[in-house]
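Here the structure is laid out as structure tokens; the discussion comes afterwards.
Numbering (the numbering used here), first residue to last: 336 to 442.
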């Protein structure tokens, strides 16, 4: 996976599961990410949602970079089942979402 660490994706997953309580924290995390990290986060979500295949990472990433018209945090928060899509994306990329989330949670 390019441009973003699994732990950053996992942190967004954890916050997305508690969006009512953690929306501000999630916005802050996403807003502090580089443009490339934000595009990679969207790419992981798109792969998890089935919009792109793992083999299409470069195309998906380029699309995310070129089509970013709204703030990434707004786009992600407005995406139904965000945490599930991010988990599925990590899993599709061969990264254990459960392990990454456990690392973030300190377990």
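All C-beta atoms, glycine included, are put in the ideal place defined by N, C-alpha and C.
Which first and last residues belong to the alpha helix (DSSP H) in which residue i is found?
i	result
residue 348	341-352
residue 397	392-401
residue 385	Where residue 385 is concerned, there is no enclosing alpha helix (DSSP H), given that its DSSP letter is neither H nor E.
Taking C-alpha atoms, which residue in the options lies nearest to residue i?
i	options	result
residue 366	409, 385, 387	409
residue 434	364, 337, 342, 383	342
residue 406	350, 361, 340	361
residue 339	425, 437, 441	425
residue 356	412, 391, 368	412
residue 351	429, 422, 381	422
State the Cα-Cα distance for the pair residue i and residue j, rounded to the nearest angstrom.
i	j	result
residue 346	residue 439	6 Å
residue 417	residue 396	17 Å
residue 359	residue 337	26 Å
residue 419	residue 374	18 Å
residue 432	residue 364	18 Å
Where does residue i sit, in a helix, a strand or coil, going by DSSP?
i	result
residue 433	helix
residue 414	coil
residue 338	coil
residue 441	coil
residue 369	coil
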